[in-house]
Structure formats: structure tokens, C-alpha cells
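*Asks:* Supplied in C-alpha cells, the structure appears directly below.
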Amino acid sequence: MDPILPKAVATAFCVLLVGLVLRRFHQPHVIAYLLAGVLIGPHGLSFLNDPEAAARLGDAGVVLLLFFVGMEVSLKRLAENWRLALIGTSLQVLVTVGLLLLLGVWLGWPTGRSVLLAFVVSLSSTAVVVSILREWGEVNSDLGNDALGVLIVQDLAIVPMLLIIGLMGEQSSHASDVVLQVVGGAAVVALIGVIMRRGSIKLPFAARLRSDHELQVFSAFVLCFGFATLTALLHLSTALGAFVAGIVVASAKETEWVHESLDALRVLLVALFFVSVGMLLDVVFLLEHWLLVAGLVVAVMLLNTAVNAGIFRALGRDWRTSLFMGSILAQVGEFSFVLAAVGLQNRLISSFGYQISVGLIALTLLLSPGWISIFRRIAGFRRSASADPSMGSNQRSA
49 MDPILPKAVA
59 TAFCVLLVGL
69 VLRRFHQPHV
79 IAYLLAGVLI
89 GPHGLSFLND
99 PEAAARLGDA
109 GVVLLLFFVG
119 MEVSLKRLAE
129 NWRLALIGTS
139 LQVLVTVGLL
149 LLLGVWLGWP
159 TGRSVLLAFV
169 VSLSSTAVVV
179 SILREWGEVN
189 SDLGNDALGV
199 LIVQDLAIVP
209 MLLIIGLMGE
219 QSSHASDVVL
229 QVVGGAAVVA
239 LIGVIMRRGS
249 IKLPFAARLR
259 SDHELQVFSA
269 FVLCFGFATL
279 TALLHLSTAL
289 GAFVAGIVVA
299 SAKETEWVHE
309 SLDALRVLLV
319 ALFFVSVGML
329 LDVVFLLEHW
339 LLVAGLVVAV
349 MLLNTAVNAG
359 IFRALGRDWR
369 TSLFMGSILA
379 QVGEFSFVLA
389 AVGLQNRLIS
399 SFGYQISVGL
409 IALTLLLSPG
419 WISIFRRIAG
429 FRRSASADPS
439 MGSNQRSA
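The sequence shown runs 49 to 446 under my numbering.
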């Protein structure tokens with residue numbers, strides 16, 4: 049018997065079991081996926097011992113997730129928020145870098161380490177935030193558009209972050225990579241500009257595909273992962289490419305059959321992504337250093353909440369919305385795994401520092417849904433009347 053089959057069944061059963069338990073407590077699916085990864089991973093029951101292989105498949109889930117989001121958001125409303133997204137993200141990163149530099153001076157850290165750790169904690173999780181927004185029916189609300197604008201700019205910000213880390217460490221980026229990234233970023237902006245100016249575009253063979261479900265599946269797959277591959281070749285985020293592909297599909301008014309073709313695959317692969325994150329949690333290591341890790345988790349989530357809330361308020365949002373937005377962006381994102389790994393390669397952090405970083409990132413992802421729910425109640429927001437995950441709400445929650 050193929051050894052992959054029992055592992056796949058064990059993973060699915062564990063997700064189902066944990067999900068049913070957490071459903072009784074009205075917890076989002078993201079927590080079930082993460083806890084299932086902890087249980088079946090190399091530091092749990094060891095059903096799966098290769099988190100990197102699971103992560104590679106799970107990354108495809110993040111690509112699909114952003115593809116669906118691109119189909120659901122209002123491009124016009126998203127563009128109207130450019131000031132908040134660009135200025136807000138820039139201020140948040142700069143404030144975080146400044147605070148970590150001060151901390152580094154006090155602790156005697158080299159400048160490169162302080163900057164690296166500031167970059168790590170300043171990136172939020174696109175996968176977690178979008179999953180929660182979809183589950184709450186908030187993707188196309190004012191709140192959702194604000195959050196998505198910031199997340200998109202953060203995805204783009206990883207490019208200069210990696211360049212800076214390379215310059216501060218022992219490895220530097222090649223000039224050709226920088227040129228590709230600049231060209232890619234300009235091409236993405238130009239394509240979105242064309243779509244906004246024309247209002248709608250026409251997909252080739254769209255009329256023929258509407259009556260052929262099997263070809264629809266392959267067409268949707270090519271659109272989503274084709275754009276993701278193009279941005280990857282340009283050394284940009286695959287999630288960004290998928291998001292742009294979703295915008296293209298939405299502008300062509302072809303979202304219905306694309307949704308139907310890929311939605312089930314999206315659910316499976318997004319779940320696998322979060323399972324792979326859960327597999328990274330070394331419970332023994334965390335227990336040995338629980339006081340340090342717990343203190344860092346609380347400090348980072350409070351820092352991100354406070355910094356983001358203050359910036360949103362300064363940019364014109366009311367305190368209720370600003371506080372809730374701060375909590376939504378409080379966790380440390382999946383791209384921070386990449387930054388931490390590059391920092392380790394460049395000897396900006398030690399192996400111990402890398403393990404702490406991985407534990408910090410994974411735990412903030414795990415705790416994020418509960419953290420957001422607490423601040424949602426504090427800020428007085430209620431779930432949208434329509435909380436269907438495949439639909440976005442057009443109204444700001446009251």
C-alpha cells in the first residue's frame with residue numbers, strides 16, 4: 049500500500065476531529081488546522097515527519113486563497129485606500145524598526161539583527177486574515193478593503209526587506225534579481241491600471257468554457273497558477289500574482305464557474321498550509337523556554353495592535369475601527385518564516401534565535417483568531433449579517 053494514503057487519511061481525520069471539537073466553541077477553522085498540525089507533526093504523534101513537503105503543497109493553498117480574494121474585492125474601493133495602505137504600512141514598518149533598534153541598543157544587538165527582527169514582526173499573515181475575513185463575510189466590507197490594502201503592500205514590502213537583509217548579512221542580492229523585481233512590480237501596477245481604466249476585459253474562449261466543466265477546471269487552474277508562476281519568475285510573491293489573476297477574472301465577469309471549479313481544492317490546500325505551520329511547533333522546545341516565548345508572543349501582539357491602531361487613527365479612521373484593525377494585523381505572518389530563514393543564512397540570528405522566531409510566528413498565528421475575537425468585542429463590532437465565506441459584505445459592520 050502507498051504510505052502516503054494512510055498519512056493523508058490520518059491528517060484529514062485529525063482535522064475533522066479537532067474541527068468538530070472546536071466547532072462547539074465557535075472557533076474558526078484556522079485553529080483546527082494548526083492544532084491538527086501540532087498533533088500529527090514530527091513533534092507530536094509523528095504521522096507526518098516532513099513539514100517542508102507539506103508546506104510546499106500548502107503554499108498552493110495560499111495562492112488559491114488570494115486568487116479567490118482577487119475575484120471578490122472591489123478594485124475601485126481598494127484603489128481608493130492606497131493612501132492608508134501605502135503610508136500606513138510604511139509608517140508601521142518604520143516605527144517597528146525604530147523600536148527594535150532602541151531595544152537592540154539596550155540589549156547590545158548588532159544593527160542587522162534588530163532590523164531583521166523588526167521586519168519579521170512587522171509582517172502580518174495574509175492567509176490568516178483573509179481566512180477570517182472570508183469566514184466572517186467581511187472581505188468586501190470597508191474593513192476588509194482596508195486590511196487587504198495593507199496586506200498587499202506588505203507582500204510587496206518583502207522584496208526590499210530581503211534586499212536589506214542581504215546587504216546587512218554575508219550574502220547580497222544579484223543586480224539582475226533587483227531589476228526583475230522592479231520590472232515585475234511595475235508590470236503588476238500597469239496591469240491593474242489597464243483593468244481599472246477599461247472597466248472590464250474579455251477572456252479568450254470564455255463562451256466555450258461555460259458549458260464544459262472539465263475544461264473550466266483546467267482553465268481556472270492555468271489562470272491562477274499561471275499568474276503566480278509569472279510573479280515568482282520575477283522574484284515577487286506568488287500570492288500577489290494569484291491576487292492579480294483573481295482581479296482579471298472578476299473584470300471578465302467569469303467568477304461563478306471559476307469559483308465552482310477550484311473552491312474544493314482551495315479548502316484542502318489552505319488547510320494543508322496551516323497544518324504545515326502547526327507541524328513546525330516544537331512543543332518540547334517551547335516548554336523548555338515557555339516564559340521567554342510567552343512573553344515575546346504577548347509583547348509582539350500588543351506591539352502590532354498598538355502601532356497599527358495608532359497609525360490607522362492618525363490616518364483618519366475612528367478609534368473603534370483602528371483598534372479592531374490593529375488586532376486583525378497583530379499576528380506575525382507566513383512570509384516572516386522566509387525572512388527568519390534568510391537571517392539565519394546570513395548569520396544575523398543564531399539557530400536558537402531562529403527556533404524562537406519560528407515558535408513566535410506559529411503561536412501568533414494560532415492565537416490570532418481568539419485575539420481578534422476579543423478586540424472585536426471590545427471595539428463593539430458584530431459579525432456581518434451575511435457570513436457566507438464565499439461572499440463579501442458590502443457594508444461596514446456596526
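Every residue gets a Cβ at the ideal spot worked out from N, C-alpha and C, and that includes glycine.
1. Closest to Leu151 by C-alpha separation, out of Gln140, Phe400 and Leu165, would be which residue?
2. Enumerate in chain order the residues of its own chain whose CB-to-CB distance from Ile404 is below 8 Å, with the five nearest sequence positions on each side excluded.
3. Within a Cβ cutoff of 7 Å, which residues of the same chain sit near Leu317, ignoring the five residues on either side of it in sequence?
4. Determine the burial state of Val69: buried for a count of at least 16 other Cβ atoms within 10 Å of its Cβ, exposed for fewer.
5. Taking only the alpha-carbon atoms, compute the straight-line gap between Leu53 and Val236 and give it to the nearest angstrom.
6. Might you give, ordered along the chain, the residues of its own chain that have their beta carbon closer than 6 Å to the beta carbon of Leu134, omitting 5 neighbours on each side?
7. Mapping the DSSP letters down to three states, classify Gly192 as helix, strand or coil.
8. Take Ala101 and list the residues in its own chain whose beta-carbon comes closer than 6 Å to its own, dropping the five residues that flank it on each side.
9. Look at the alpha carbon of Val315 and the alpha carbon of Glu262, and state the distance between them as a whole number of angstroms.
10. Contact defined as beta carbons within less than 8 Å: I believe Leu199 pairs with Ser179. What is the distance between those atoms, to the nearest angstrom?
11. Would you call the segment 65-82 and the segment 302-312 in contact, with 3 or more CB pairs under 8 Å?
12. Is it buried or exposed, Leu64, if we count other Cβ atoms within 10 angstroms and call 16 or more buried?
13. Helix, strand or coil for Gly401 per DSSP?
14. How would you call Leu335, buried or exposed, if buried means at least 16 neighbouring beta carbons within 10 angstroms?
15. In whole angstroms, give me the CA-to-CA distance for Leu414 and Leu82.
16. State buried or exposed for Glu128, treating a residue as buried only when at least 16 other CB atoms are found within 10 Å of its CB.
17. Cα-Cα, which of His77, Pro90, Glu382 and Ile420 is closest to Lys55?
18. Please work out which residues of its chain come closer than 6 Å, Cβ to Cβ, to Leu139, disregarding the five sequence neighbours upstream and downstream, and give them in chain order.
19. When you compare the CB of Leu387 with every CB in chain B, is at least one pair closer than 8 Å?
20. Suppose you measure from the CA of Ser324 to the CA of Ala276; what does that come to, to the nearest Å?
*Replies:* By the coordinates alone:
1. Leu165
2. Contacts found: His337, Leu340, Val341 and Leu344.
3. These residues qualify, in order along the chain: Leu105, Gly106, Ala108, Gly109 and Leu112.
4. exposed
5. Those two C-alpha atoms are separated by around 40 Å.
6. Val201
7. helix
8. none
9. Taking the straight line joining both Cα atoms gives about 19 Å.
10. In fact, because the Cβ distance is near 12 Å, the residues do not count as touching under 8 Å.
11. no
12. exposed
13. Gly401: helix per DSSP, three-state reduction.
14. exposed
15. 6 Å
16. exposed
17. Put simply, of His77, Pro90, Glu382 and Ile420 the residue whose alpha carbon is nearest the alpha carbon of Lys55 is Pro90.
18. Ile359
19. The structure shown contains no chain B; it holds only a single protein chain.
20. 20 Å
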